[in-house]
Structures are given as structure tokens and as C-alpha cells.
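Mapping the sequence shown onto the UniProt record's numbering, position 340 (from 1) lands on 340, and the numbers just tick up by one.
Every residue gets a Cβ at the ideal spot worked out from N, C-alpha and C, and that includes glycine.
Because the structure is a prediction, the values reported are computed rather than measured.
Worksheet: the structure to be examined is printed underneath.
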Amino acid sequence: MFFLRRQHRAAFTLVELLVVIAIIGVLVGLLLPAVQAAREAARRMSCSNNFKQIGLGIHNYHAAYNKMPQHMSGPAEPNVPEHDPRVDTNQMQNSFLVGILPFLEQQAIWEQISNPLVSMPDGSLRPGGPWQPFGPSHDVDEGSNERRGWFYAPWITELPTLRCPSDPGRGVPAQGRTNYAACMGDSIERLNRGTRAWWSLTVEDSDSAQEGRAACRGAFIARSQTGFRDILDGLANTVVAGEIATDLGDRDVRTNPGKVTGAYTNPEACQSERDPERPLFWRATTNVNAKDSDSWTLRYGRGYRWASGYGLYSGFNTILPPNEAACHDDNGDWRPHRDDGTLPPSSRHQGGVHILMADGAVKFVTDSIESGNRQATPVRLSNVAPDPRPGSQSPYGLWGALGTRASKETIEEEL
Numbered sequence: 001m002f003f004l005r006r007q008h009r010a011a012f013t014l015v016e017l018l019v020v021i022a023i024i025g026v027l028v029g030l031l032l033p034a035v036q037a038a039r040e041a042a043r044r045m046s047c048s049n050n051f052k053q054i055g056l057g058i059h060n061y062h063a064a065y066n067k068m069p070q071h072m073s074g075p076a077e078p079n080v081p082e083h084d085p086r087v088d089t090n091q092m093q094n095s096f097l098v099g100i101l102p103f104l105e106q107q108a109i110w111e112q113i114s115n116p117l118v119s120m121p122d123g124s125l126r127p128g129g130p131w132q133p134f135g136p137s138h139d140v141d142e143g144s145n146e147r148r149g150w151f152y153a154p155w156i157t158e159l160p161t162l163r164c165p166s167d168p169g170r171g172v173p174a175q176g177r178t179n180y181a182a183c184m185g186d187s188i189e190r191l192n193r194g195t196r197a198w199w200s201l202t203v204e205d206s207d208s209a210q211e212g213r214a215a216c217r218g219a220f221i222a223r224s225q226t227g228f229r230d231i232l233d234g235l236a237n238t239v240v241a242g243e244i245a246t247d248l249g250d251r252d253v254r255t256n257p258g259k260v261t262g263a264y265t266n267p268e269a270c271q272s273e274r275d276p277e278r279p280l281f282w283r284a285t286t287n288v289n290a291k292d293s294d295s296w297t298l299r300y301g302r303g304y305r306w307a308s309g310y311g312l313y314s315g316f317n318t319i320l321p322p323n324e325a326a327c328h329d330d331n332g333d334w335r336p337h338r339d340d341g342t343l344p345p346s347s348r349h350q351g352g353v354h355i356l357m358a359d360g361a362v363k364f365v366t367d368s369i370e371s372g373n374r375q376a377t378p379v380r381l382s383n384v385a386p387d388p389r390p391g392s393q394s395p396y397g398l399w400g401a402l403g404t405r406a407s408k409e410t411i412e413e414e415l
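The structure is reproduced here in C-alpha cells:
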């Protein structure tokens with residue numbers, strides 16, 4: 001009797017193999033967004049934790065000195081104009097982040113800054129003697145005065161605590177980047193000078209003081225001291241710091257401010273300069289801070305210098321909502337970081353930014369937060385109708401109210 005032996009296949013057929021590959025591809029396609037979302041959630045949590053450390057640093061500083069760290073601090077040369085950068089003094093340019101370094105477990109770099117520093121970044125001795133305490137000006141002057149901040153090691157040191165993991169920006173043309181910035185209120189005018197006279201930062205003349213007090217309504221005032229006692233709207237209702245994305249050299253409207261005339265009185269003056277086909281970027285013809293064709297100006301990007309207090313690098317205002325276009329008033333200054341303008345917070349997170357409240361709480365604010373009349377002239381010392389008078393409530397709705405320290409707004413919404 002003969003038996004037929006059953007034949008066994010040794011491998012998949014081509015059709016079966018293609019089916020298996022297709023199933024694997026579908027599974028990967030379904031799982032990949034979840035994996036990416038989980039990674040971004042972890043990065044966002046790390047970013048929030050960094051902000052909590054900064055908030056704790058501000059509170060510990062206040063507990064030690066009964067005041068907040070000054071934004072734009074340091075020594076200044078008497079009777080020297082603000083626009084004259086120095087190598088022997090920093091002209092009151094240091095950001096609030098410099099002041100809280102000892103409270104961020106950065107004692108080593110604080111010791112370098114607060115004492116004379118004899119060395120250059122490469123370890124060699126500085127020609128002409130040590131750097132003065134609190135460092136030189138942060139301004140970039142190629143080929144003169146040793147390029148100031150570029151040859152001062154602390155200014156080009158990047159600190160992990162000041163970086164959001166979601167932001168991919170690294171290295172030059174920045175010095176040391178930061179993703180966390182001071183809240184300067186809901187105005188444009190005197191964003192960088194505060195109450196100081198233009199001709200001498202050691203002087204508060206009558207006009208400068210009046211203009212500064214009228215316009216500078218945030219928890220931080222450039223080149224002036226503030227404390228929790230000044231935040232009359234309540235610590236839980238006032239923003240002290242917010243997130244900013246750093247510039248990647250791609251003409252992003254959030255990180256490379258447009259430059260137009262009229263931005264002082266119209267915060268949306270730059271909106272028409274967006275590329276209609278790529279609205280997150282400027283037109284190729286738009287005048288911007290960091291120009292692709294000019295290696296010099298490429299250094300003027302958002303968040304490029306953690307230790308510099310200029311609004312471009314470490315400040316923001318609560319006029320336009322998060323992730324809107326940044327816009328400088330073009331006053332012809334060849335150093336565009338000195339221009340005042342509309343500087344919203346921004347981030348690489350989806351749909352919003354982290355903000356730090358004065359009570360130390362970290363909250364996530366969406367891009368759609370109510371922001372009132374975006375074309376309204378900011379509060380300032382002005383007799384021109386219909387400009388809002390000094391002391392007025394913010395014209396920028398809930399977002400503007402969160403940015404002011406003592407404008408008597410009532411905030412009932414939970415962020």
C-alpha cells in the first residue's frame with residue numbers, strides 16, 4: 001500500500017510576505033504618533049520643571065534680599081549713553097537670570113561673573129588685565145574691544161536649566177541661548193530703557209521717569225528694582241516670566257522680528273509682511289533683524305543671549321497672544337536688539353507656551369487666550385486720543401491683564 005506524504009511549505013509566499021509587511025507598516029503608522037506624543041509630553045514636563053526651578057530661584061532671591069532680581073542690572077559708566085557699549089562695564093545689561101544663578105545651583109559660573117575674571121574662553125590670560133565684575137557689554141562689535149561678550153566665558157556658556165528640550169536651537173551664531181524670559185508688561189515704549197535717561201544710565205531725569213512709570217507695567221522693569229510688594233494685582237494673577245523659542249535662522253515670525261515703522265502705536269504693524277504661502281515665516285523681501293545675507297546681523301535672534309536683558313533676548317510683553325509675530329519698530333539703529341517692539345512669548349510645543357506666575361505656579365497658556373484689541377495703542381504717557389491713559393486697564397484683554405502688576409484688573413478665569 002502506498003501512502004502520499006503531505007508536502008510542507010518551507011517559507012511564506014510572496015503574497016503572504018507582502019501582507020505581513022503591510023500589517024507591520026500600518027501598526028508602525030498607528031504607533032508612531034503615540035510615541036512622538038509621549039516624547040513631546042516628556043519634553044514638555046521637563047520644560048515645566050525647569051521653569052519651576054526658575055520660579056523657586058526668584059522666590060529664594062526675594063526671601064534673601066526682599067526684592068526680585070533686577071532685569072537689566074550691573075554697573076554703568078556715568079554720563080555714557082546707553083547706546084555706547086563698553087568693555088569695562090556692562091552698561092546695566094544683565095538679565096534677571098544672572099542674579100538668580102546662585103539659586104539655580106550655578107555657583108561656579110556666578111563666582112566667575114561676580115569677581116574679576118582673568119581668563120579668556122580658551123583658558124589663556126586676557127590681554128590688558130582681568131574682566132571687571134559682572135562682565136562686559138553683551139553687544140557684538142566685530143573686530144573691536146575684543147568683541148566684548150564673545151570673549152567673556154560666562155556669556156557664551158549655555159546652561160541646561162535655561163533650555164527647553166523641545167527647542168532644537170544650538171550653538172552659533174548665538175552666545176548662550178535661553179528659552180525663558182522676563183515679563184515686561186503690556187507696553188512697547190521704554191521696553192529696554194525703563195526709567196533711565198538715554199544719555200546716562202545712572203540718571204533718571206523727569207521725562208524719562210514719567211514715561212517709564214507710565215509704560216513699564218510688568219513684574220519686571222528694565223534697569224529698575226521691583227518686588228512682590230509692587231504686584232498689587234496679586235501674585236497668582238501676575239506673570240513674571242514666559243517661554244520663548246530661540247531663532248533657527250529660518251525667518252520664523254516668532255523668533256526673527258520684522259522691522260517696520262509704526263510698530264510703536266500698532267502692535268500688528270508687521271502682520272502684512274507674513275508670507276501668504278507660509279504664514280509662519282516672513283516674506284523674502286521683509287526687513288528683519290537677522291538677515292540671511294548678512295553674517296553680522298545673524299547674531300540678533302530671539303533668545304540668543306541668556307545673560308543679556310534686552311527684550312529680544314530675554315524679555316516679552318503681553319500684547320499679542322503666544323506664538324504671534326514679533327515686530328520691532330524700525331528706528332534706524334544698526335543694532336536691532338535695542339529697538340522696542342511687540343515680543344510675544346513662543347515655544348516649540350503644540351498650541352501654547354508655559355508661563356511662570358509670581359506665586360511660583362507654572363501654567364500652560366494656549367495661543368487662543370483672549371487678547372482684546374490687538375491693534376490698540378499700548379498704554380503710555382500720551383495726550384493723543386484715543387491712546388489709553390497711564391493707569392488704565394490693559395487694552396489687550398485677559399492676556400494683557402496677566403502681564404500687568406498693578407492695573408486693578410479682576411481675573412476670574414482659571415488658566
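- Query: Thinking C-beta only, is W110 closer than 8 angstroms to P116?
  - Reply: For the purposes of this step, residue 116 is taken as the residue at position 116 of the sequence shown. For the purposes of this step, residue 110 is taken as the residue at position 110 of the sequence shown. No, Cβ-Cβ distance for P116 and W110 is not below 8 angstroms.
- Message: Measuring straight from C-alpha to C-alpha, what distance separates N79 and W199?
- Response: The sequence position of residue 79 within the sequence shown is 79, counting from 1. The sequence position of residue 199 within the sequence shown is 199, counting from 1. Between N79 and W199, the C-alpha separation is close to 6 angstroms.
- Evaluate V353 with the Cβ neighbour count: other Cβ atoms within 10 Å of its Cβ, from every protein chain shown; 16 or more gives buried, anything less gives exposed. Reading the sequence shown from its first residue, position 353 is the one you call residue 353. It is buried - the Cβ of V353 has at least 16 other Cβ atoms within 10 Å.
- Thinking C-beta only, is S371 closer than 8 angstroms to P321? By 1-based counting over the sequence shown, the position of residue 321 is 321. By 1-based counting over the sequence shown, the position of residue 371 is 371. Cβ atoms of P321 and S371: closer than 8 angstroms.
- Task: Put E243 into one of helix, strand or coil per three-state DSSP.
- Result: On the sequence shown, residue 243 is found 243 positions in, with the first residue counted as 1. Secondary structure at E243: strand, using DSSP grouped into helix, strand and coil.
- Message: Can you find the residues in the same chain that come closer than 6 angstroms, C-beta to C-beta, to N289, ignoring five residues on each side of it along the sequence?
- Response: The residue you call residue 289 lines up with position 289 of the sequence shown. Its chain contains N256, P257, Y300, P336 as the residues whose beta carbon lies nearer than 6 angstroms to that of N289, once the 5 sequence neighbours on both sides are disregarded; these appear in chain order.
- Item | Expected contact under 8 angstroms - CB spacing of G403 and T318 to nearest Å | As a first step, residue 403 must be located in the sequence shown, where it is residue number 403. As a first step, residue 318 must be located in the sequence shown, where it is residue number 318. With 8 angstroms as the limit, G403 and T318 qualify as a contact, their Cβ atoms being about 3 angstroms apart.
- Message: For A376, tell me which candidate among S208, S187, G99, S124 has the shortest Cα-Cα distance.
- Response: The residue given as residue 376 occupies position 376 in the sequence shown. Out of S208, S187, G99, S124, S187 has the C-alpha closest to the C-alpha of A376.
- For S224, count neighbouring C-beta atoms within 10 Å of its own C-beta (all shown protein chains included) and say buried if the count is 16 or more, exposed if not. The residue labelled residue 224 in the question sits at position 224 within the sequence shown. Counting Cβ neighbours within 10 Å, S224 comes out buried, since at least 16 surround it.
- For Y61, which residues of its own chain have a beta-carbon under 6 angstroms away from its beta-carbon, when the five flanking residues on both sides are left out? Taking the first residue of the sequence shown as 1, we reach residue 61 at position 61. Only P69, I100, F103 meet the Cβ criterion.
- Query: How should N50 be labelled, buried or exposed, when 16 other C-beta atoms within 10 angstroms of its C-beta is the threshold for buried?
  - Reply: Within the sequence shown, residue 50 is the residue found at index 50, counting from 1. Classification for N50: buried.
- May I have the straight-line CA-CA distance separating C47 from P165, to the nearest angstrom? Counting from 1 along the sequence shown, the entry for residue 47 is found at position 47. Counting from 1 along the sequence shown, the entry for residue 165 is found at position 165. Between the C-alpha atoms of C47 and P165 there is a straight-line separation of about 6 angstroms.
- Message: Quick check on the DSSP output: the beta strand (DSSP E) that includes A174 runs from which residue to which?
- Response: Residue mapping note: residue 174 aligns to position 174 of the sequence shown, counting from 1. Where A174 is concerned, there is no enclosing beta strand (DSSP E), given that its DSSP letter is neither H nor E.
- Would you mind sorting D340 into buried or exposed? The rule is 16 or more other CB atoms within 10 Å of its CB. Here residue 340 corresponds to residue number 340 of the sequence shown, with the count starting at 1. That one is buried.
- Task: Tell me where the beta strand (DSSP E) around L356 begins and ends.
- Result: Your numbering for residue 356 matches position 356 in the sequence shown. Counting along the chain, the beta strand (DSSP E) containing L356 begins and ends at 352 to 357.
- Message: Our contact map puts H71 next to A182 with C-beta atoms below 8 angstroms; I'd like the distance itself, whole angstroms only.
- Response: Your numbering for residue 71 matches position 71 in the sequence shown. Your numbering for residue 182 matches position 182 in the sequence shown. Confirmed, about 5 angstroms.
- How long is the line joining the alpha carbons of G400 and T410, rounded to whole angstroms? Looking up residue 400 in the sequence shown gives position 400. Looking up residue 410 in the sequence shown gives position 410. Rounded to the nearest angstrom, the gap between the Cα atoms of G400 and T410 is 12 angstroms.
- What beta strand (DSSP E) runs, 3 residues minimum, are completely inside the region 207 to 272? Secondary structure in the region 207 to 272: the beta strand (DSSP E) runs of 3 residues or longer, each lying completely within the stretch, are 239 to 243, 258 to 260 in chain order.
- Query: From P133, Q91, E189, pick the residue whose C-alpha is nearest to that of G218; which is it?
  - Reply: Locating residue 218 in the sequence shown gives position 218, where the first residue counts as 1. Ranking the options by Cα distance to G218, first place goes to E189.
- For residue 424, is the classification buried or exposed, using 16 other Cβ atoms within 10 angstroms of its Cβ as the cut-off for buried? Residue 424 cannot be examined here, being either before or after the span of the chain that is shown, 1 to 415.
- When you compare each of M357, T366, D359, R338 to H349 by their alpha carbons, which one comes out closest? As a working mapping, residue 349 is identified with position 349 in the sequence shown. Measuring from the Cα of H349, the nearest candidate turns out to be T366.
- Task: Would you mind working out which of K363, A284, I113, V240 sits nearest P133, comparing C-alpha positions?
- Result: In the sequence shown, the residue the question calls residue 133 occupies position 133. Of K363, A284, I113, V240, the residue nearest in Cα terms is I113.
- Taking 8 angstroms as the cut-off, decide whether the C-beta atoms of A325 and R254 are in contact. As a position in the sequence shown, residue 325 is number 325, starting the count at 1. As a position in the sequence shown, residue 254 is number 254, starting the count at 1. Result yes, Cβ atoms of A325 and R254 sit closer than 8 angstroms.
- Query: According to the neighbour-count rule (16 or more other Cβ atoms, all chains shown, within 10 Å of its Cβ), is L125 buried or exposed?
  - Reply: As a first step, residue 125 is located in the sequence shown; it is residue number 125 there, counting from the start. L125 is exposed by the Cβ-count criterion.
- A214: buried (16+ other C-beta within 10 angstroms of its C-beta) or exposed? Numbered from its first residue, the sequence shown carries residue 214 at position 214. Classification of A214: buried, given that the 10 Å Cβ count is 16 or more.
- Please check the pair G242 and L356, which I expect to be a contact at CB under 8 angstroms, by giving their CB distance rounded to whole angstroms. Within the sequence shown, residue 242 is the residue found at index 242, counting from 1. Within the sequence shown, residue 356 is the residue found at index 356, counting from 1. So it is a contact: roughly 7 angstroms between Cβ atoms.
- Task: Check whether the Cβ atoms of T286 and D330 lie closer than 8 angstroms to each other.
- Result: Here residue 286 refers to the residue found at position 286 when the sequence shown is read from its first residue. Here residue 330 refers to the residue found at position 330 when the sequence shown is read from its first residue. No.
- Bridge partner(s) assigned by DSSP for F96: The count along the sequence shown starts at 1 and reaches residue 96 at position 96. Answer is none; F96 lacks a bridge partner.
- Contact set for C270: own chain, Cβ-Cβ below 6 angstroms, skip 5 residues either direction: Indexing the sequence shown from 1 puts residue 270 at position 270. The residues are G258, V260, A325, C327.
- Using the rule of at least 16 other Cβ atoms within 10 Å of the residue's Cβ for burial, across every protein chain shown, is L17 buried or exposed? Within the sequence shown, numbered from 1, the residue matching residue 17 stands at position 17. Result: exposed.
- Message: Out of N94, A76, E82, which one is the CA nearest neighbour of D88?
- Response: Taking the sequence shown and counting its residues from 1, the one referred to as residue 88 is at position 88. Closest option to D88, Cα to Cα, is A76.
- Task: Identify every residue that forms a DSSP beta bridge with K363.
- Result: Taking the first residue of the sequence shown as 1, we reach residue 363 at position 363. Beta-bridge pairing links K363 to I355.
- Item | Below-8 angstroms beta-carbon distance, K52 vs any chain D residue | Reference to chain D is not applicable here, since this structure consists of a single protein chain.
- Are the CB atoms of N94 and G74 nearer to each other than 8 angstroms? Residue numbering aside, residue 94 sits at position 94 when the sequence shown is read from its first letter. Residue numbering aside, residue 74 sits at position 74 when the sequence shown is read from its first letter. In this structure, N94 places its C-beta atom within 8 angstroms of the C-beta atom of G74.
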